[in-house]
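Chain order of the listed sequences is H and R. Mapped onto this note's numbering, the consecutive letters of the first sequence carry residue numbers 5 to 248. Mapped onto this note's numbering, the consecutive letters of the second sequence carry residue numbers 5 to 248. From the three backbone atoms N, C-alpha and C, an ideal C-beta is built for every residue, glycine too.
Number of protein chains: 2
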Amino acid sequence: MTYCLAIAVDSGLVFASDSRTNAGVDNVNTYPKMFTYSIPDKAYLVLLTSGNLATTQAIVRRLQEDLESEEPKGFAACEDMSAAARYVGATSVELKNYYEKDLKQGANFDCTLILGGQYKDGPHEIFLVYPEGNYIQSSPYAPFLQIGETKYGKPILDRVIRHNTSLEAAARSALVSLDSTMRSNLSVAPPFDLLMYKTNALAPDHEMHLKLNSPYYASLRKKWGEGLMDLFNELPLFDWEKDS
Amino acid sequence: MTYCLAIAVDSGLVFASDSRTNAGVDNVNTYPKMFTYSIPDKAYLVLLTSGNLATTQAIVRRLQEDLESEEPKGFAACEDMSAAARYVGATSVELKNYYEKDLKQGANFDCTLILGGQYKDGPHEIFLVYPEGNYIQSSPYAPFLQIGETKYGKPILDRVIRHNTSLEAAARSALVSLDSTMRSNLSVAPPFDLLMYKTNALAPDHEMHLKLNSPYYASLRKKWGEGLMDLFNELPLFDWEKDS
Chain H
5 MTYCLAIAVD SGLVFASDSR TNAGVDNVNT YPKMFTYSIP DKAYLVLLTS GNLATTQAIV
65 RRLQEDLESE EPKGFAACED MSAAARYVGA TSVELKNYYE KDLKQGANFD CTLILGGQYK
125 DGPHEIFLVY PEGNYIQSSP YAPFLQIGET KYGKPILDRV IRHNTSLEAA ARSALVSLDS
185 TMRSNLSVAP PFDLLMYKTN ALAPDHEMHL KLNSPYYASL RKKWGEGLMD LFNELPLFDW
245 EKDS
Chain R
5 MTYCLAIAVD SGLVFASDSR TNAGVDNVNT YPKMFTYSIP DKAYLVLLTS GNLATTQAIV
65 RRLQEDLESE EPKGFAACED MSAAARYVGA TSVELKNYYE KDLKQGANFD CTLILGGQYK
125 DGPHEIFLVY PEGNYIQSSP YAPFLQIGET KYGKPILDRV IRHNTSLEAA ARSALVSLDS
185 TMRSNLSVAP PFDLLMYKTN ALAPDHEMHL KLNSPYYASL RKKWGEGLMD LFNELPLFDW
245 EKDS
């Protein structure tokens with residue numbers, strides 16, 4: 005399993021991903037699921053991946069090959085984020101179909117992706133790309149997208165994230181969301197990758213690779229965990245408890 | 005959808021359920037999903053239901069008929085909680101099979117149930133009964149069971165519930181869990197039913213029917229929501245934020 009999320013606030017974008025992969029419960033590994041693409045003076049893009057690891061790695065290789073080709077191809081040939089999302093979707097479907105052509109049954113080569121970033125003079129945006137190659141943009145009312153094991157970590161995002169949330173607060177909510185998910189589902193685990201992008205920078209603002217004992221993440225985890233227990237213990241008493 | 009949960013702590017049991025049912029998104033209704041069975045001086049049982057509403061209602065009717073029959077049948081004929089869970093499972097499978105015999109395709113008559121309670125001189129226990137009639141007991145390490153839309157509300161239970169948690173704290177965690185779920189999934193909604201059972205009482209200790217504006221639930225919701233935002237806003241700053 006996997007848990008990745010992207011948040012689009014007024015001041016920029018936040019991307020976060022875990023790094024656990026598993027084929028069954030007895031084949032567990034650690035792989036990055038966040039990939040960045042820089043086209044100097046033109047665009048900066050971030051891809052988050054979930055689903056079949058062979059397919060997502062094939063997609064990542066293809067995107068990189070296209071980017072490095074002599075004539076402008078792929079992200080370099082796109083002029084806006086929507087075109088980039090269409091290109092990622094088409095690449096994903098092409099590669100999945102290629103490997104599925106000899107597939108008999110019982111396997112699933114699908115993958116679901118988040119693509120975010122900005123082309124020069126365009127807005128910063130995030131898109132969720134489905135296995136079928138179609139895609140959606142985040143909502144202005146709930147400006148985040150999630151892939152993989154999304155439910156455990158959604159309540160905190162629903163409470164915190166608004167379009168005008170600061171980039172740093174959005175990043176903290178992403179870490180809390182990953183932390184809640186990791187506690188409830190063993191198939192989501194650190195190290196976590198966290199990337200903050202400030203609008204119009206066309207380059208990353210901050211990149212962090214966080215282990216369980218990384219000082220910032222450890223202090224956030226401790227404060228959140230202890231704070232939640234304190235808050236819980238301060239909840240209003242039932243009427244009959246007040247008499248005792 | 006549905007969200008119901010039961011918690012078994014040393015001092016007793018907590019049961020909580022929402023009341024939203026839906027057949028598609030355009031056919032939404034409110035039904036109780038908590039049913040209680042009292043056999044004076046012998047047992048007290050609580051059933052929580054999820055899944056196909058026609059099947060769960062058929063099960064509830066049958067359990068009640070058996071209980072009211074002249075010769076001891078059903079819960080009255082059982083001698084412990086495990087036998088009661090086996091009886092509920094067998095009843096569920098029998099009724100599901102009866103209605104499915106003419107089913108062509110495309111519908112799902114399954115239901116998943118939680119049964120909890122106590123027989124005199126036995127322990128208080130909770131069981132999750134699967135659509136196939138088999139069942140599991142709660143773990144001493146995570147002494148709660150959930151059915152329906154279980155993920156949004158699990159993190160708080162994972163953090164709070166231990167075997168020696170007080171009955172009232174367990175009840176509060178159930179309400180927070182329902183509240184988090186309701187915020188993230190429209191198919192879970194109040195009124196909520198909450199029942200607390202103290203071990204060896206063979207009768208309910210407290211029963212509450214909570215609407216969004218019921219004073220206790222409203223104050224708990226407010227305190228939790230505001231407290232979470234305060235806690236979130238007090239999380240450690242990133243290094244670069246401290247300089248500004």
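Below 7 Å between beta carbons: does that hold for residue i and residue j?
{"i": "aspartate 22/R", "j": "valine 192/R", "result": "yes"}
{"i": "leucine 52/R", "j": "cysteine 8/R", "result": "yes"}
{"i": "alanine 10/H", "j": "isoleucine 43/H", "result": "no"}
{"i": "tyrosine 48/H", "j": "alanine 173/H", "result": "no"}
{"i": "glycine 137/R", "j": "alanine 94/R", "result": "yes"}
{"i": "tyrosine 201/R", "j": "aspartate 209/R", "result": "yes"}
{"i": "valine 50/R", "j": "threonine 40/R", "result": "yes"}
I'd like the list of long-range same chain contacts for residue i, defined as Cβ closer than 6 Å, with 5 residues on each side in sequence excluded.
{"i": "methionine 212/R", "result": "Leu198"}
{"i": "valine 32/R", "result": "Asn26"}
{"i": "alanine 62/R", "result": "Leu99"}
{"i": "serine 170/H", "result": "none"}
Going along the chain, which residues of its own chain have a beta-carbon closer than 8 Å to the beta-carbon of residue i, five neighbours each way excluded?
{"i": "asparagine 168/H", "result": "Val13, Asp14"}
{"i": "proline 144/R", "result": "His167"}
{"i": "aspartate 162/H", "result": "Ala146"}
{"i": "leucine 214/R", "result": "Leu179, Pro194, Pro195, Phe196, Asp197, Leu198, Tyr220, Tyr221"}
{"i": "glutamate 72/R", "result": "none"}
{"i": "lysine 77/H", "result": "Asp70, Leu71"}
{"i": "aspartate 30/R", "result": "none"}
Roughly how many angstroms lie between the CA atoms of residue i and residue j, to the nearest whole one?
{"i": "glutamine 141/H", "j": "glutamine 150/H", "result": "12 Å"}
{"i": "proline 147/H", "j": "glycine 157/H", "result": "15 Å"}
{"i": "arginine 66/R", "j": "glutamate 245/H", "result": "38 Å"}
{"i": "glutamate 83/R", "j": "tyrosine 123/R", "result": "7 Å"}
{"i": "tyrosine 91/R", "j": "aspartate 70/R", "result": "11 Å"}
{"i": "leucine 99/R", "j": "proline 195/R", "result": "28 Å"}
{"i": "glutamate 129/H", "j": "serine 177/H", "result": "19 Å"}
{"i": "alanine 222/R", "j": "aspartate 106/R", "result": "46 Å"}
{"i": "alanine 175/R", "j": "phenylalanine 19/R", "result": "8 Å"}
{"i": "leucine 17/H", "j": "serine 188/R", "result": "22 Å"}
{"i": "aspartate 125/R", "j": "glycine 110/R", "result": "46 Å"}
{"i": "alanine 205/H", "j": "threonine 60/H", "result": "27 Å"}
{"i": "glutamate 75/R", "j": "valine 64/R", "result": "19 Å"}
{"i": "tyrosine 103/R", "j": "phenylalanine 113/R", "result": "8 Å"}
{"i": "proline 127/R", "j": "isoleucine 160/R", "result": "26 Å"}
{"i": "glycine 55/H", "j": "valine 97/H", "result": "13 Å"}
{"i": "glycine 28/H", "j": "lysine 37/H", "result": "18 Å"}
{"i": "serine 261/R", "j": "methionine 5/R", "result": "Only positions 5 to 248 of chain R appear in the structure, and residue 261/R is not among them; the question remains open."}
{"i": "proline 135/R", "j": "asparagine 101/R", "result": "10 Å"}
{"i": "leucine 190/R", "j": "leucine 216/R", "result": "14 Å"}
{"i": "leucine 57/H", "j": "aspartate 243/H", "result": "54 Å"}
{"i": "aspartate 45/H", "j": "valine 164/H", "result": "33 Å"}
{"i": "arginine 24/R", "j": "serine 218/R", "result": "17 Å"}
{"i": "alanine 68/H", "j": "aspartate 247/R", "result": "Checking the sequence, you will find glutamine at residue 68/H rather than alanine. Near 37 Å, if we compare the C-alpha coordinates of aspartate 247/R and glutamine 68/H."}
{"i": "leucine 117/H", "j": "lysine 108/R", "result": "37 Å"}
{"i": "threonine 249/R", "j": "threonine 203/H", "result": "Residue coverage of chain R in this structure runs from 5 to 248, which leaves residue 249/R outside it and unanswerable."}
{"i": "lysine 227/R", "j": "lysine 227/H", "result": "18 Å"}
Please return the same chain residues whose Cβ sits closer than 7 Å to the Cβ of residue i, not counting the five positions on each side in sequence.
{"i": "alanine 89/H", "result": "Leu119, Phe131, Val133, Tyr139"}
{"i": "threonine 185/H", "result": "Tyr7, Glu153, Tyr156, Gly157, Val192"}
{"i": "leucine 182/R", "result": "Tyr7, Ala20, Asp22, Gly157, Phe196"}
{"i": "arginine 225/R", "result": "Asp183"}
Members of the region 141–171 of chain R near chain H, C-beta cut-off 7 Å:
Within the region 141–171 of chain R, the qualifying residues are Lys155, Tyr156, Lys158, Pro159, Asp162, Arg163, Val164.
Within 9 Å of chain H by C-beta, residues of the region 227–245 of chain R in sequence order
Of all residues in the region 227–245 of chain R, Lys227, Trp228, Gly229, Gly231, Leu232, Met233, Asp234, Leu235, Phe236, Asn237, Glu238, Leu239, Pro240, Leu241, Phe242, Asp243, Trp244, Glu245 have a Cβ within less than 9 Å of some Cβ in chain H.
Does the contact criterion of 3 or more C-beta pairs under 8 Å hold for the region 229–240 of chain H versus the region 231–241 of chain R?
Contact annotation: the region 229–240 of chain H touches the region 231–241 of chain R, with at least three C-beta pairs closer than 8 Å.
Going along the chain, which residues of the region 197–223 of chain H sit with their C-beta nearer than 8 Å to a C-beta in chain R?
Cβ contacts with chain R come from His210, Tyr220, Ser223.
For the region 6–37 of chain H, which residues have a beta carbon sitting closer than 7 Å to at least one beta carbon of chain R?
So nothing in the stretch comes that close.
Closer than 7 Å between beta carbons: that is the criterion. Which residues of the region 51–73 of chain H meet it against chain R?
Correct list: empty, as no residue qualifies.
May I ask you to list, following chain order, the residues of the region 181–194 of chain H that have a beta carbon less than 7 Å from some beta carbon of chain R?
Going along the region 181–194 of chain H in chain order, one finds Ser184, Arg187, Ser188 with a Cβ nearer than 7 Å to chain R.
Cβ-based contacts, 7 Å cut-off: residues of the region 84–98 of chain H near chain R
Cβ contacts with chain R: none found.
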